[in-house]
Amino acid sequence: MKILFNLFFVTVFSNFYTPVNSGATILDSTNIDETLANNELVLINFYADWCRFSNMLSPIWDEAANKISEAFPKPGKVVVGKVDCDSQANLGTRFHITKYPTLKYVRNGIVAKKEYRGSRTAEAFLKFAEDQLIDPVKEYTDLQVLTKLEDAKRYLIGYFDTKESKEYEHFRRVASNLKDDCEFHAGFGEVTAQMHPADQSIIAFRPNKAHSSEDDESFKGDLKNYDEFSIWAVDKCTPLVRSITFENAEELTEEGLPFLILFHDPEDHKSIKQYTDIIQTNLLSEKQNVNFLTADGVKFAHPLHHLGKSKEDLPLIAIDSFRHMYLFPKYEDIFVDGKIKQFLQELYSGKLHREFHYGPDTTSTENSTDQKVPQKKGSNKEGTPPPSQFQHLGPSKNRYTLLRDEF
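Count the sequence shown with mature numbering (1 follows the signal peptide of the UniProt record, and there is no 0) and you get residues -22 to -1, 1 to 385, in order.
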């Protein structure tokens, strides 16, 4: 009788018992810093209970947490966490949360510049975690490999004595954080002996030769100082001019800076290089005020249509202020000293917007940029810049609850 009772108790208990550690880890101000510091990868869902998109995601996120913990059971590898931004408002502020749910990830204690914006399924979250944990460093065993690298990418190339060195440990940590921006290659021992002095590792930066005139550069600081090397690597791997695609448009739009966009033919690399060189030479001081972008004029034919332009008019340059689009009148004028900077200054001063509403300033000089847009079938009336097209590529109200709607 006692045995039957025990069996009955175990059966009932197992049916109703739910492990307290199942699902995502609850993160708050008491445990988040320790969690970020002690794990290679942390995925975080910033949510609010009153947000319907957060509620839709909640069971999926917990399911993903279970799958990921099964796939990576070793402590210190991956944690899937969640932050209730109503009860932890300070964390919402600290991580710059402007919409729910926001999915961020942290690698080696450093918050990634990008958010997770992919499919919201447990399987997709697991795949994302697996991809993030792939070794970002490609080992070469022959120096000839380095002569065949693509010109259209940015590289950090390491020449090391051994994998066990502090220098390589720092190289690999930086690679984990910047693998979306640079490609990392490393060689060791006899393979690289001729490339560096004994007992001194070397890191070389190779720029995107197809789209930039930047020179190769080696790191001159102390590789045993992680912060010093990381700051240098971030500077080299973060391009001043980025390419906008339908995949990254939401992320770029959410940064909130106006776009200065070169629309180009997909086969035209010359104009990209010209544009990039002009930006690097004359507009470095503007990088806090505007996003410098290039766009495939075939894929982004719709904005061109609203500007009264087509593929035959490429290359061309325009500003998208998230209110209106303003066409730079003549592409060749980028080579006129100060002309493109004047175009930006007219945006900042409100002159472009003012002329949109009231017509050209009567006091404008002949050097002023003229905002008349040639009329084509389907475009807006002549002389009026069209409304912003890229504002529509920002975070969708069908996917997020926006805390501020500035698009």
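We treat Cβ as the ideally placed atom computed from N, Cα and C, and that holds for glycine.
Bear in mind the structure is a predicted one, so any value in this text is a computation, not a measurement.
Query	Result
Whether PHE237 touches ASP298 by CB criterion (8 angstroms)	yes
Backbone secondary structure at GLU344 - three-state DSSP	Summary for GLU344: the model assigns pLDDT 48, below 50, so the residue's position carries little reliability; its value from the coordinates is reported in the next sentence. In the structure shown, GLU344 sits in coil (DSSP, three-state: anything other than H, G, I, E or B).
Same chain, Cβ closer than 6 angstroms to TRP210, neighbours up to 5 away in sequence not counted	PHE197
Continuous beta strand (DSSP E) stretch holding ASN203: start and end	First-last for ASN203: undefined, no H or E at that position.
Distance between beta carbons of SER190 and THR254, contact taken as under 8 angstroms	5 angstroms
Member of SER36, VAL314 and GLY59 whose CA lies at the smallest distance from the CA of SER47	GLY59
C-beta atoms of ASP40 and ALA67 nearer than 8 angstroms	no
Where ASN23 falls, given that 16 or more other Cβ within 10 Å makes a residue buried	buried
Opposing strand residues paired with residue 387 [DSSP bridges]	An answer regarding residue 387 cannot be provided, because it is not within the stretch -22 to 385 covered by the chain.
Option nearest LEU230 by Cα separation, candidates ARG95, SER263, SER(-1) and ASP11	ARG95
Closest residue to PHE73 among GLU145, PHE278 and LYS92 (Cα-Cα distance)	LYS92
CA-to-CA distance, ILE88 to ILE181, given in whole angstroms	21 angstroms
DSSP beta-bridge partners of PHE162	VAL115 and LEU134
TYR25 vs TYR78 beta-carbon contact at 8 angstroms	yes
Same chain, Cβ closer than 6 angstroms to GLU195, neighbours up to 5 away in sequence not counted	PHE183
Enclosing alpha helix (DSSP H) for PHE103 [first to last residue]	100 to 110
Euclidean distance between Cα positions of LYS248 and LEU292	12 angstroms
Those runs of the beta strand (DSSP E) which lie wholly inside the segment 248 to 277 and span at least 3 residues	269 to 274
N- and C-terminal bounds of the alpha helix (DSSP H) containing VAL152	144 to 156
Classification of ILE75 by the beta-carbon crowding that lies within 10 angstroms, buried from 16 upward	buried
Enclosing alpha helix (DSSP H) for ASP11 [first to last residue]	10 to 15
When TYR137, LEU235 and LYS251 are compared against ALA130, the one with the closest alpha-carbon	LYS251
Start-to-end residues for the beta strand (DSSP E) that takes in LEU238	237 to 242
Rounded separation between ALA279 and PHE138 - CA only	47 angstroms
Distance CB(THR13)-CB(VAL57) smaller than 8 angstroms	yes
As assigned by DSSP and simplified to three states, the class of LYS187	coil
Chain-order list of residues whose beta-carbon lies under 6 angstroms from that of TYR146 (same chain, five-residue window excluded)	PHE138
For SER47, the first and last residue of its enclosing alpha helix (DSSP H)	30 to 49
For LYS77: DSSP bridge partner residues	LEU380
CB-CB length for ILE295 against TYR309, believed under 8 angstroms	6 angstroms
Contact set for LEU380: own chain, Cβ-Cβ below 8 angstroms, skip 5 residues either direction	THR76, LYS77 and PRO373
Exposed unless 16 or more other CB atoms sit within 10 angstroms - verdict on GLY356	Here GLY356 scores only 44 on pLDDT, less than 50, and its place in the model should not be relied on; the value that follows carries that caveat. The residue is exposed, with fewer than 16 neighbouring Cβ atoms inside 10 Å.
Residues that residue 388 bridges to, as DSSP identifies them	A question about residue 388 goes unanswered here, because the residues of the chain that appear run from -22 up to 385.
Beta-carbon separation (whole angstroms), ARG220 vs LEU262, contact threshold 8 angstroms	The pair is not a contact, with the Cβ atoms about 15 angstroms apart (cut-off 8 angstroms).
Burial state of ILE256 (16 or more Cβ within 10 Å)	buried
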